[in-house]
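*Asks:* Here it is, the structure, as structure tokens.
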Amino acid sequence: MGDVVVTLPDGSELEVERGSTVEDVAHEIGPGLGRDTVAGVVDGDLVDAVTPLTEDCRLEIVTEDSDEYLSVLRHSAAHVFAQALQRRYPEAKLTIGPWTDDGFYYDITGVDLDEADLEAIEAEAEEIIAADYDIERELVDREAAFERYADNPFKRDILETEAADEDPVSFYRQDGFYDLCQGPHVESTGEIGGFALLEISAAYWRGDEDNESLTRVYGTAFPTGAELEEYLEQRRQAKERDHRRLGRELDLFSVPDYSPGCVHFHPNGMAIRRELEEYIRTQNEQLGYEEVWTPELNKAELWKPTGHYDAFKQEGEMFAWEQDETEYGLKPMNCANHAHLYDRETRSYRDLPVRFSEFGTCYRNEQSGELSGLLRVRGFTQDDGHALVRPDQLRDEIVRVLRAIEDIYANFDLDVEYVLETKGDNAVGSDEIWETATDALRSALESEGLSYSIDAGEAAFYGPKIGANAIDALGREWTIGTVQTDFNIPERLDLTYVGEDNEEHRPVMIHRALLGTFERFMGVITEHFNGKFPLWLAPEQVRILPISDDNLGYAHRVKNDLEADGFRVGVEDRSWTIGKKIQATHEDRVPYMLILGDDEESAGTISVRDRKERERNGVDPETFRPPLREERAEKRTEPDFLD
RNA sequence: GCCGGUGUAGCUCAGACUGGCUAGAGCGAAUCCUUCGUAAGGAUUAGGUCGAGGAUUCAAAUUCCUCCACCGGCUCCA
259 MGDVVVTLPD
269 GSELEVERGS
279 TVEDVAHEIG
289 PGLGRDTVAG
299 VVDGDLVDAV
309 TPLTEDCRLE
319 IVTEDSDEYL
329 SVLRHSAAHV
339 FAQALQRRYP
349 EAKLTIGPWT
359 DDGFYYDITG
369 VDLDEADLEA
379 IEAEAEEIIA
389 ADYDIERELV
399 DREAAFERYA
409 DNPFKRDILE
419 TEAADEDPVS
429 FYRQDGFYDL
439 CQGPHVESTG
449 EIGGFALLEI
459 SAAYWRGDED
469 NESLTRVYGT
479 AFPTGAELEE
489 YLEQRRQAKE
499 RDHRRLGREL
509 DLFSVPDYSP
519 GCVHFHPNGM
529 AIRRELEEYI
539 RTQNEQLGYE
549 EVWTPELNKA
559 ELWKPTGHYD
569 AFKQEGEMFA
579 WEQDETEYGL
589 KPMNCANHAH
599 LYDRETRSYR
609 DLPVRFSEFG
619 TCYRNEQSGE
629 LSGLLRVRGF
639 TQDDGHALVR
649 PDQLRDEIVR
659 VLRAIEDIYA
669 NFDLDVEYVL
679 ETKGDNAVGS
689 DEIWETATDA
699 LRSALESEGL
709 SYSIDAGEAA
719 FYGPKIGANA
729 IDALGREWTI
739 GTVQTDFNIP
749 ERLDLTYVGE
759 DNEEHRPVMI
769 HRALLGTFER
779 FMGVITEHFN
789 GKFPLWLAPE
799 QVRILPISDD
809 NLGYAHRVKN
819 DLEADGFRVG
829 VEDRSWTIGK
839 KIQATHEDRV
849 PYMLILGDDE
859 ESAGTISVRD
869 RKERERNGVD
879 PETFRPPLRE
889 ERAEKRTEPD
899 FLD
């Protein structure tokens, strides 16, 4: 047998007998730790305390104080749910029930559930928790395991795949309930202090849409009820921040039934979009991009040589139709048009990079079930741009764009995660080309010191991509900005430039979007700011509240002065009490309100209140306007005049 | 697209399970009164072919079918 070397988190090494369990090692470190051991993390994988160590490894002991404890607890909570389910519905079949970042889910079949059923199951689960059953590991030989699941093809599938090498097979048992499972689990059901079932939805077996659709029940669990309550409260607040709700309340946009997936920007929403457009237009100019405009409607043949036609049309993702015996389509991307603009004249190596930018409106027939407010739509406008560069300019251009993206997001106080997406199955072009393109992106990320993760096989068909991903109020991840290198389109369209050597050379195409699309970006920042847009973006930047109608004349004079500075100003002229006017203005999240009564009018001053509920009376308007202009120009995220 | 859920006034929601007076409320809107000093003043009025179409019935917001849109996932993507 011999020994194995276990490396502990503090770097120390421990030699233990081969086959020792996680728990054994913990006991060796100290009897207290041995007693408290819930599970272990072996080379990054969470495993049961009784897992034997068969080779050299890194080991971390998980106790109730570890971050991983929550995952273990939730894994057990999934079993409690499953037991409760089977008590009420013996015919229900279990499939898989893992923990997730904020809870657990269990995929089941053979039973129809609705929200009301969840409550009943939750009550049953509470009883199982109150009974505090011991949770025990049970080893069963393979044959017996198959017998247990004679009528459950999903569990048999697991036995034949994930557990193919196991004999005996690991089960966990509590009370009369058992489940095929690797663990780890807490010691007894009573450790779960707070348990809730949250959502009922659906998922495909093994995530493949060709497979059977299962019922997925989402839940969560915490060591204490108080932590559960806190989590549920956060969840409620997140729902309040949903951009679809805010979009309605703040009258920013709508997506009417007659144009699913296509956004109507209301005056308030358009004010924000215009600011974004102007800002990005300036950024693009600074980066050397020349603005162009190309049409939405083109003949379908435009996208055949580039490969878009195959990639989009065949998937039903492109809107295209026959007209006068010719096939037309709405553009799903702007790059084909830009490539043709490049190709209209002979380009010299001196001309490169040639850079085009366009606020290009594209249409893609996204699946109906995918549409979601501003975040996933069918019609969208990208702040798109394409740079055609010499190979020696490639890295530099990527770095410049990445830097711009970083600077821009800093202005919004936005946190994003960078992801490098690499070659997938649908890719066109050779492996060498992909490797070069991917290396260029990777080295740019690294030289900028940006941390990133890799999504293998997720790139677009024409080239690898850096995605800047933001998280929405419900915890979902959305790509906003993106930089992609593309050797394929230049090749396929035979784009060239004349080099110093008077020979034709192949440029590289960089696709990039800074915000991504105005729609999605607006959705992201609406939630990020909870509708409290920075001054420069706020649809209504200042609202003037006269104390009584007698002060309306003065209110309009103050308004005119602010409008002369380009501010968006409203006057509240309804015959409401001042308290009501203030409340309504807060609800609309207007950054500044000016309260004007007889005192102010006779003194020629203003009373300033901001949406952070601070106020100052007797302010000279001339001391208010310059700092306000500055706050707008510097794109500060919070009103700071009253700091 | 798939599974499940939802759709009643501009907004938020009652009413539906168990079919039956003229489908209600609050906010918002309009009009009038009030002209108010830092987070909801009062009264009156208007506003709905109950998502659309079909079926069952003496009678449908309510039951059934088809479709549309939305919501949560899944799958797919900026």
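The first sequence runs 259 to 901 under my numbering. For every residue, glycine included, the Cβ atom is placed at its ideal position computed from N, Cα and C. Fair warning: this is a prediction, and the values are worked out from it, not measured in the lab.
1. Quick one: give me the first and last residue of the alpha helix (DSSP H) that E785 is part of.
2. So for Y547, helix, strand or coil by DSSP?
3. Compare the Cα-Cα distances from G355 to each of V330, L632 and D819 and report the closest residue.
4. With distances taken Cα to Cα, identify the nearest neighbour of H769 among F719, E275 and E457.
5. Can you pull the DSSP bridge partners for G637?
6. Looking at the strands, I want to know which residues DSSP matches up with M591.
7. For D437, which residues in the same chain have their Cβ closer than 7 Å to its Cβ, ignoring the five residues on either side in sequence?
8. Could you pull out every residue in the same chain whose Cβ sits closer than 8 Å to the Cβ of R613, ignoring the five residues on either side in sequence?
9. Got a sec, what are the start and stop residues for the alpha helix (DSSP H) G361 sits in?
10. Can you tell me the Cα-Cα spacing of D294 and T312, whole angstroms?
11. Output the boundary residues of the alpha helix (DSSP H) element that contains Y812.
12. Out of L699, A842 and V398, which has the shortest C-alpha to C-alpha gap to V766?
13. What is the DSSP secondary structure of Y600, counted as helix, strand or coil?
14. By how many angstroms is the C-alpha of V659 removed from the C-alpha of L652?
15. So A461 and D365 are supposed to be a Cβ contact under 8 Å. How far apart are they, rounded?
16. Count the other CB atoms, across all protein chains shown, that sit within 10 Å of the CB of A668; report buried if there are 16 or more and exposed otherwise.
17. With a cut-off of 8 Å, do at least 3 Cβ pairs link the segment 447–465 to the segment 357–377?
18. Just to check my reading of the structure: V866 and L820 have Cβ atoms closer than 8 Å, yes? What is that Cβ distance to the nearest angstrom?
19. Look up V475 in the DSSP assignment and give the residues it is bridged to.
20. Quick check: E554 and L588, are their CB atoms within less than 9 Å of each other?
21. Just the C-alpha distance for N760 and R602, rounded to the nearest angstrom, thanks.
22. So what's F719 in DSSP terms, helix, strand or just coil?
23. Assuming L772 and I538 make a contact with CB atoms under 8 Å, what is their CB distance in whole Å?
24. Rounded to whole angstroms, how far is the Cβ of V299 from the Cβ of E322, which I believe are closer than 8 Å?
25. Residue ranges of each alpha helix (DSSP H) run of no fewer than 4 residues wholly in the segment 681–761, ordered along the chain?
26. Start and end of the alpha helix (DSSP H) containing L486?
27. Consult DSSP for F899 and reduce its assignment to one of helix, strand or coil.
28. Rounded to the nearest angstrom, what separates N809 and R499 at their Cα positions?
29. Quickly, what does DSSP pair S606 with across the bridge? List them, please.
30. May I ask you to list the residues that DSSP assigns as paired with N556?
31. Where does T540 sit, in a helix, a strand or coil, going by DSSP?
32. Contact check, T909 vs G618 under 8 Å by CB: the rounded distance?
33. So what does K351 bridge to, in DSSP terms?
34. Could you tell me the distance, in whole angstroms, from the CA atom of G721 to the CA atom of E873?
35. Check each candidate in T564, E536, A284 and A479 and name the one with the smallest Cα separation from D744.
36. Count the other CB atoms within 10 Å of the CB of Y516; is the residue buried (16 or more) or exposed (fewer)?
*Replies:* Taking the coordinates as given:
1. Along the first sequence, read from residue 1 onward, the residue named residue 785 stands at position 527. It spans F776 to H786 - the alpha helix (DSSP H) in which E785 sits, taken as one unbroken run.
2. Translated into the one-based positions of the first sequence, residue 547 becomes position 289. It is coil, neither helix nor strand.
3. Reading the first sequence from its first residue, position 97 is the one you call residue 355. Checked all of V330, L632 and D819; the closest Cα to G355 is V330.
4. For this step, residue 769 is matched to residue 511 along the first sequence. That would be F719, whose Cα lies nearest to the Cα of H769.
5. Sequence index remark: in the first sequence, residue 637 carries index 379 (1-based). As a beta-bridge residue in DSSP terms, G637 pairs with C520 and Y621.
6. By 1-based counting over the first sequence, the position of residue 591 is 333. None; M591 has no bridge partner.
7. Taking the first sequence and counting its residues from 1, one reaches residue 437 at position 179. So the list reads H337, A340, L352, F429 and Y430, once near-sequence residues are dropped.
8. As a position in the first sequence, residue 613 is number 355, starting the count at 1. Within the same chain, R613 has close Cβ partners L545, G546, Y547, E548, G643, H644, A645 and L646.
9. Here residue 361 refers to the residue found at position 103 when the first sequence is read from its first residue. Run containing G361: none in the alpha helix (DSSP H); it sits in the beta strand (DSSP E), G361 to T367.
10. Locating residue 294 in the first sequence gives position 36, counting from the first residue. Locating residue 312 in the first sequence gives position 54, counting from the first residue. So the alpha carbons of these two residues sit roughly 23 Å apart.
11. For this step, residue 812 is matched to residue 554 along the first sequence. Taken as a continuous stretch (DSSP letters only), the alpha helix (DSSP H) holding Y812 covers L810 to A822.
12. Numbered from its first residue, the first sequence carries residue 766 at position 508. That would be L699, whose Cα lies nearest to the Cα of V766.
13. Residue numbering aside, residue 600 sits at position 342 when the first sequence is read from its first letter. Three-state result, Y600: helix.
14. Position 394 of the first sequence, counting from 1, holds the residue named residue 652. Position 401 of the first sequence, counting from 1, holds the residue named residue 659. Spanning the two alpha carbons is a distance of roughly 11 Å.
15. On the first sequence, position 203 is the one that residue 461 refers to. On the first sequence, position 107 is the one that residue 365 refers to. With 8 Å as the limit, A461 and D365 qualify as a contact, their Cβ atoms being about 6 Å apart.
16. Position 410 of the first sequence, counted from the first residue, corresponds to residue 668. A668 counts as exposed, since fewer than 16 other beta carbons sit within 10 angstroms of its beta carbon.
17. Contact annotation: the segment 447–465 touches the segment 357–377, with at least three C-beta pairs closer than 8 Å.
18. To locate residue 866, count along the first sequence from 1; it is residue 608. To locate residue 820, count along the first sequence from 1; it is residue 562. Taking the Cβ atoms as the reference, V866 lies roughly 12 Å from L820, outside the contact range of under 8 Å.
19. Numbered from 1 along the first sequence, position 217 holds the residue referred to as residue 475. Under DSSP, V475 takes part in a beta bridge, and its partners are Y364 and I458.
20. Sequence index remark: in the first sequence, residue 554 carries index 296 (1-based). Sequence index remark: in the first sequence, residue 588 carries index 330 (1-based). Contact: yes.
21. The residue labelled residue 760 in the question sits at position 502 within the first sequence. The residue labelled residue 602 in the question sits at position 344 within the first sequence. The straight-line gap from Cα to Cα measures roughly 19 Å.
22. Taking the first residue of the first sequence as 1, we reach residue 719 at position 461. In this structure, F719 counts as coil in the three-state DSSP scheme.
23. Working through the first sequence from its first residue, we reach residue 772 at position 514. Working through the first sequence from its first residue, we reach residue 538 at position 280. Here L772 really is in contact with I538; their C-beta atoms are around 6 Å apart, less than 8 Å.
24. Position 41 of the first sequence, counted from the first residue, corresponds to residue 299. Position 64 of the first sequence, counted from the first residue, corresponds to residue 322. Not really, about 15 Å apart at Cβ, beyond 8 Å.
25. You should have 689–705 and 746–750.
26. In the first sequence, residue 486 corresponds to position 228, counting from 1. Where L486 is concerned, the enclosing alpha helix (DSSP H) stretches over G483 to E498.
27. On the first sequence, residue 899 is found 641 positions in, with the first residue counted as 1. Residue state, collapsed to three classes: coil.
28. Working through the first sequence from its first residue, we reach residue 809 at position 551. Working through the first sequence from its first residue, we reach residue 499 at position 241. For N809 and R499, the distance between alpha carbons rounds to 36 Å.
29. The residue labelled residue 606 in the question sits at position 348 within the first sequence. V756.
30. Stepping through the first sequence from its first residue, residue 556 is reached at position 298. Beta-bridge pairing links N556 to G587.
31. In the first sequence, the residue the question calls residue 540 occupies position 282. T540: helix per DSSP, three-state reduction.
32. Nothing about residue 909 can be reported from this structure: the residues present for the chain run from 259 to 901 only.
33. Against the first sequence, residue 351 aligns to sequence position 93. Assignment of beta-bridge partners to K351 by DSSP yields T367.
34. Here residue 721 is taken as the residue at index 463 of the first sequence, counted from 1. Here residue 873 is taken as the residue at index 615 of the first sequence, counted from 1. Rounded to whole angstroms, G721 to E873 spans 54 Å at the Cα level.
35. The residue labelled residue 744 in the question sits at position 486 within the first sequence. Nearest option by C-alpha distance: T564.
36. Taking the first residue of the first sequence as position 1, residue 516 is located at position 258. Exposed, by the Cβ-count rule.
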